[in-house]
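Take the sequence shown: its position 525, counted from the start at 1, is 628 in the working numbering, and no numbers get skipped. Every residue, glycine too, gets a C-beta built ideally from N, C-alpha and C. Source: prediction; values computed, not measured. Only one structure is covered here, and it is reproduced in the block below.
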Amino acid sequence: MTVPRVLPFAERLRLVRLLVARVADKARIGLKRPYFVIGERLCRQPERLLIAPQDIRTGDATIAEDIYGGYYAFGGKIVNAHGRSPFALAPPSMEWAKTLYGFGWLRHMRAADTALARANARSLVKEFIARSTKGAPDPAWETDVVARRTLSWLSQSPMLLEGADYDEYRRFMRALTHGFWLLQRGADSAWPGGARLTAAIAMTCYALCVQGGGGHLQRSVRLLISQLEKHILPDGGSVDRNPQTLLEVLLDLLPLRQTFAARGQAPPPELLNAIDRIGPALRMFRHGDGSLALFNGMGVTAPDRIAIALAYEGTRGQAVSNARYSGYQRLEAGAALVLIDAGRPPPPNHSNLAYAGCLSFEFSLGAERIVINCGNPGPRRADAQASARTTAAHSTLSLDDASSCLFGFQTGLRRWFDGEILIGPQNVPAARESNATGMTVSASHDGYVRQFSLFHERRWFLRADGERLEGRDRLIPSTGARSMNADYAIRFHIHPSVTLTMAAERPAIVLETPGGANLTFEAGGLPLAIEESIFFAAPEGPRACEQIVVYGASTDIDEIDWSFTAIRH
Numbered sequence: 104m105t106v107p108r109v110l111p112f113a114e115r116l117r118l119v120r121l122l123v124a125r126v127a128d129k130a131r132i133g134l135k136r137p138y139f140v141i142g143e144r145l146c147r148q149p150e151r152l153l154i155a156p157q158d159i160r161t162g163d164a165t166i167a168e169d170i171y172g173g174y175y176a177f178g179g180k181i182v183n184a185h186g187r188s189p190f191a192l193a194p195p196s197m198e199w200a201k202t203l204y205g206f207g208w209l210r211h212m213r214a215a216d217t218a219l220a221r222a223n224a225r226s227l228v229k230e231f232i233a234r235s236t237k238g239a240p241d242p243a244w245e246t247d248v249v250a251r252r253t254l255s256w257l258s259q260s261p262m263l264l265e266g267a268d269y270d271e272y273r274r275f276m277r278a279l280t281h282g283f284w285l286l287q288r289g290a291d292s293a294w295p296g297g298a299r300l301t302a303a304i305a306m307t308c309y310a311l312c313v314q315g316g317g318g319h320l321q322r323s324v325r326l327l328i329s330q331l332e333k334h335i336l337p338d339g340g341s342v343d344r345n346p347q348t349l350l351e352v353l354l355d356l357l358p359l360r361q362t363f364a365a366r367g368q369a370p371p372p373e374l375l376n377a378i379d380r381i382g383p384a385l386r387m388f389r390h391g392d393g394s395l396a397l398f399n400g401m402g403v404t405a406p407d408r409i410a411i412a413l414a415y416e417g418t419r420g421q422a423v424s425n426a427r428y429s430g431y432q433r434l435e436a437g438a439a440l441v442l443i444d445a446g447r448p449p450p451p452n453h454s455n456l457a458y459a460g461c462l463s464f465e466f467s468l469g470a471e472r473i474v475i476n477c478g479n480p481g482p483r484r485a486d487a488q489a490s491a492r493t494t495a496a497h498s499t500l501s502l503d504d505a506s507s508c509l510f511g512f513q514t515g516l517r518r519w520f521d522g523e524i525l526i527g528p529q530n531v532p533a534a535r536e537s538n539a540t541g542m543t544v545s546a547s548h549d550g551y552v553r554q555f556s557l558f559h560e561r562r563w564f565l566r567a568d569g570e571r572l573e574g575r576d577r578l579i580p581s582t583g584a585r586s587m588n589a590d591y592a593i594r595f596h597i598h599p600s601v602t603l604t605m606a607a608e609r610p611a612i613v614l615e616t617p618g619g620a621n622l623t624f625e626a627g628g629l630p631l632a633i634e635e636s637i638f639f640a641a642p643e644g645p646r647a648c649e650q651i652v653v654y655g656a657s658t659d660i661d662e663i664d665w666s667f668t669a670i671r672h
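Pasting the structure below:
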């Protein structure tokens, strides 16, 4: 392995250790493989399912019609099977294949609620089971895919086993049980780490649903508890810092809680505690229009999923304001809402979707979004993923068009670390205070110290009536370092619905919203620029938008004040 010279020695050593640990982990699991194979063969296969967990994700009957017609639209790709089996097709993308083999689309067949849709669902599952005995493509056996398939089959089992004879029932149970043993093996080694939690949820659900699953339940619950402790932080945030993860985990945990109750068993306290923490954390990211803030992998919001998750969650707890463990802050006054990323990047094996957006923020007034980040382009536009993760794609300050994080794909380590964050801000102190005049958050990060010997410090002040948001960006030389000259750009990406116009009488920009919540932006008299940007998280696909940019040199002006002020007629 050649480690790029751009990395300091200590960082190179850390990455070598991480790679060695991964190789050792893979070897360890390889040595344990015979144990899992023998265990599966010696273990008695359950005779039947006792209950089916509820799938609370919504289904779409029109998708069931498309599938019956041979059209498979997964992961942003549409494939016409032309009468062939979808499992015989060359997948157009890895995301398409994972969605196909995860069987989450069965919920759409259930939603159609017709004999034809149910028969089609049974036929496709039987075909997969028949083909899997002869081998199937690798994505079908990846830990996260097996976990998704297990949860889907269990929740849709009443439809899938309708009218099944003894042999069909046994084949279905054999396939489910094989998946359980694959999960046992994969939960020990799966990375990125999020697959471990999904595997633990699926294993616990299996043990609760099958006859005689009590022998597996204790170990599965033990694994579930340990993964919840690793993945869900004390403030309810997720270790990967992605708002979407919280939503998906909550949609998995809520049915699991109900499955425990259906079997007459008390859910583990750690499960209940995780649900209670996730709800308020999810609310923290929610704008007035119901969408989630675009931080660290978040893309298009599915409003129906959020509404369902929060309705089933049931605590109706208040949104978290100071999420210091997951690194987020929320300021709210009047109709104004400010959401701030004030945290370090996640650990490498949880950072495949994380962004270099430290000290970025989003700002909304009621149901109208004003300042945004660009968001996740989604699988349909994988070519834009790298640029969407850069600092320039966020509403914050960047130096010399560099990002505050170094990604694996930017180095010679792509083969081993690819999209993971190798280096990013490590020291990100944040403080907040409030008084009669308003609320303040101050934070800084050291993501640019390695390249430019400069700290970035940012302060937000939201007036108590919500009529004015003030900010200040500072560039501070690190201790003992010479003041370096670097060009900065402070970007404020603006939602596509907002119109920007240069003011005639002074250096200012007027922001006009459809609902009339108009604002003036100023930066202490500095020249302002309006440039093109892109909003990736629109439901209909990426939309062109604009951004406000303040340019300068750190040696000329190292402190910049800016503000958004409501215009009252």
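Go through its chain and collect everything with a Cβ distance to residue i's Cβ below 8 Å, but skip five positions before and after it.
i: I526; result: L110, E114, C508, L509, R553
i: R147; result: G315
i: G430; result: G340, R344, D444, A445, G446, R447, V531, A533
i: Q361; result: P156, Q157
i: N223; result: A167, I170, Y171, M212
i: I181; result: Y174, Y175
With residue i as the anchor, note down where its beta strand (DSSP E) starts and where it stops.
i: I524; result: 524-526
i: Y175; result: 174-177
i: Y654; result: 646-656
i: T493; result: Neither: T493 is in no beta strand (DSSP E) and is coded neither H nor E.
i: A310; result: Looking at the DSSP string, A310 is not in any beta strand (DSSP E); the run it does join, the alpha helix (DSSP H), is 297-312.
i: H390; result: Careful: H390 lies outside any beta strand (DSSP E) and carries neither H nor E.
i: M605; result: 602-605
i: R147; result: Premise fails: R147 is in no beta strand (DSSP E) and is neither H nor E.
i: F520; result: Element bounds for F520: not the beta strand (DSSP E) but the alpha helix (DSSP H), 517-520.
i: E615; result: 611-615
i: S625; result: It is worth fixing the name first, because residue 625 is Glu in this sequence and not Ser. Element bounds for E625: 622-625.
i: V474; result: 471-475
i: I663; result: 662-669
i: E435; result: 431-436
i: E570; result: Careful: E570 lies outside any beta strand (DSSP E) and carries neither H nor E.
Which residue comes first and which comes last in the alpha helix (DSSP H) that contains residue i?
i: I443; result: Looking at the DSSP string, I443 is not in any alpha helix (DSSP H); the run it does join, the beta strand (DSSP E), is 439-444.
i: A632; result: Careful: A632 lies outside any alpha helix (DSSP H), inside the beta strand (DSSP E) at 632-638.
i: L327; result: 317-334
i: S258; result: 246-258
i: A167; result: 164-171
i: L286; result: 269-290
i: F363; result: 346-365
i: Y415; result: 406-416
Kindly list the residues whose CB is nearer than 6 Å to the CB of residue i, restricted to its own chain and excluding five residues on each side of it in sequence; keep chain order.
i: F667; result: L572, L622, F624
i: E373; result: I328, L331
i: A436; result: L565, A567, G569
i: S545; result: A534, R562
i: V652; result: A592, R594, A632, E634
i: L434; result: V441, M542, L565
i: F638; result: P599, R646, C648
i: L353; result: I381, A412
i: A589; result: L502, D503, F555, S657
i: E471; result: T616, G618, A620
i: I154; result: C312, A365
Tell me, please, which residues DSSP counts as bridged to residue i.
i: S501; result: A592
i: R535; result: V544
i: P580; result: L557
i: L395; result: R389
i: I597; result: V474, E649
i: S341; result: I335
Would a C-beta distance cut-off of 8 Å place residue i and residue j closer than the cut-off?
i: L264; j: P156; result: no
i: G673; j: R221; result: Outside the shown range of the chain (104 to 672) lies residue 673, about which nothing can therefore be said.
i: A167; j: Y175; result: no
i: D504; j: G511; result: no
i: G178; j: W199; result: yes
i: D355; j: A384; result: no
i: G460; j: F398; result: yes
i: C477; j: A489; result: no
i: A438; j: L468; result: yes
Going by beta carbon distance, what residues of the same chain come within less than 7 Å of residue i, once the five residues before and after it are set aside?
i: Y415; result: I159, L357
i: T280; result: Q148, P149
i: Q650; result: R594, F595, H596, I597, E634, S636
Does the beta carbon of residue i sit closer than 8 Å to a beta carbon anywhere in chain E?
i: L153; result: The structure shown contains no chain E; it is built from a single protein chain.
For this session: Would you mind listing the alpha helix (DSSP H) stretches within the region 179-219 that are 4+ residues and don't spill past its ends, in chain order?
Result: 197-205, 209-215
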